[in-house]
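Participant: Please see the structure below; I have some questions.
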Amino acid sequence: MSLQPFSAFPSLADSVFSDRFSRIDKLFSQLTGDTPVTSAPAYDLQRSETNRYTLTVSVPGWKEHELEIELRGGRLSVAGHREKEGQEASGEARQQESGWIHRGIARHDFQLSFSIPEHMKVTGAALAEGLLKIDLYQEIPESEKPRRIPIATDGPRTLEHQ
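Counting in the numbering used here, the sequence shown runs from 103 upward without gaps.
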């Protein structure tokens with residue numbers, strides 16, 4: 103199982119470094135024939151409205167009961183745990199019994215972990231066509247919203263909230 107932390111709102115430096123690492127990893131994988139280290143599923147984060155976001159994780163072939171979404175202490179975790187098929191038989195014997203000639207689409211257990219801002223809530227999740235969509239809403243309390251404070255020119259004025 104691979105645990106790879108991801109930030110839901112990465113800085114520009116993080117994305118540049120991550121992109122360079124991915125390119126180097128893919129290059130070495132092509133040269134050596136090994137599988138890339140980054141076996142975690144791809145994901146997109148999209149802002150749909152001012153305080154609403156959609157996190158889309160690519161999970162083709164996964165079933166609902168194999169996926170788990172958890173929000174705990176400022177961390178959003180998305181995990182996939184593959185159900186085991188006949189643990190008694192060896193891998194090669196299992197392939198022959200199930201009719202597989204070649205099995206190139208590997209589904210490994212994974213866990214993505216996102217750091218999310220304070221007051222972020224998960225409002226829903228849906229799995230369709232190999233994409234897990236998680237809807238997020240950031241509810242900012244009135245006391246933490248920015249306030250505009252006017253500058254007095256002719257004498258004292260009261261504070262306004264806009």
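All residues carry an ideal CB built from backbone N, CA and C; glycine is no exception.
When you compare only the Cα positions, how much space is there between Thr179 and Pro143?
Facilitator: For the purposes of this step, residue 179 is identified with residue 77 of the sequence shown, where counting begins at 1. For the purposes of this step, residue 143 is identified with residue 41 of the sequence shown, where counting begins at 1. Checking the sequence, you will find Ser at residue 179 rather than Thr. Rounded to the nearest angstrom, the two C-alpha atoms are 13 Å apart.
Participant: Could you give the residue range of the beta strand (DSSP E) that holds Gly226?
Facilitator: Taking the sequence shown and counting its residues from 1, the one referred to as residue 226 is at position 124. Met222 to Ala230 is the extent of the beta strand (DSSP E) around Gly226.
Participant: When the Cα atoms are used, what is the spatial distance from Leu265 to Ser150?
Facilitator: For residue 265 there is no data in the structure shown, the boundaries of the chain being 103 and 264.
Participant: Following the continuous beta strand (DSSP E) through Glu170, name the residue where it begins and the one where it ends.
Facilitator: Counting from 1 along the sequence shown, the entry for residue 170 is found at position 68. Here the beta strand (DSSP E) through Glu170 covers Leu169 to Arg174.
Participant: Is DSSP giving Ser245 helix, strand or coil here?
Facilitator: As a working note, residue 245 is residue 143 in the sequence shown. In this structure, Ser245 counts as helix in the three-state DSSP scheme.
Participant: On the three-state DSSP scale, how would you describe Phe108?
Facilitator: Counted from its first residue, the sequence shown places residue 108 at position 6. With a pLDDT of only 47 at Phe108, under 50, the local geometry of the prediction cannot be trusted, and no value is derived from it.
Participant: What residue range is occupied by the uninterrupted beta strand (DSSP E) comprising Arg154?
Facilitator: Position 52 of the sequence shown, counted from the start, is the residue given in the question as residue 154. Unbroken beta strand (DSSP E) run through Arg154: Arg154 to Ser160.
Participant: Is it true that the CB of Glu168 sits closer than 9 Å to the CB of Arg184?
Facilitator: Numbered from its first residue, the sequence shown carries residue 184 at position 82. Numbered from its first residue, the sequence shown carries residue 168 at position 66. The answer is yes: Cβ separation under 9 Å.
Participant: Quick check on this structure: which residue in Asn153, Gln148, Glu170 and Ser131 has the alpha carbon closest to the alpha carbon of Phe212?
Facilitator: Taking the first residue of the sequence shown as 1, we reach residue 212 at position 110. The candidate whose alpha carbon is nearest that of Phe212 is Glu170.
Participant: Leaving out five residues on either side along the sequence, give the residues of the same chain with a beta carbon under 8 Å from the beta carbon of Ile242.
Facilitator: Taking the first residue of the sequence shown as 1, we reach residue 242 at position 140. Around Ile242: Asn153 and His221.
Participant: For the candidate residues Phe216, Pro162 and Leu129, whose alpha-carbon lies nearest to that of Leu233?
Facilitator: As a working mapping, residue 233 is identified with position 131 in the sequence shown. Closest by alpha carbon: Pro162.
Participant: Let's test the definition: count the other Cβ atoms within 10 Å of the Cβ of Trp202 and tell me whether it reaches 16, buried, or not, exposed.
Facilitator: Numbered from 1 along the sequence shown, position 100 holds the residue referred to as residue 202. Classification for Trp202: exposed.
Participant: When the distance is taken between beta carbons, is Ser217 closer than 9 Å to Arg174?
Facilitator: Taking the first residue of the sequence shown as position 1, residue 174 is located at position 72. Taking the first residue of the sequence shown as position 1, residue 217 is located at position 115. No; because the gap between Cβ atoms is not below 9 Å, this pair is not in contact.
Participant: Going by other Cβ atoms of all chains shown within 10 Å of its Cβ, with 16 needed for buried, is Leu133 buried or exposed?
Facilitator: Position 31 of the sequence shown, counted from the start, is the residue given in the question as residue 133. In the assembly as shown, Leu133 is an exposed residue. Its beta-carbon has fewer than 16 other beta-carbons within 10 Å.
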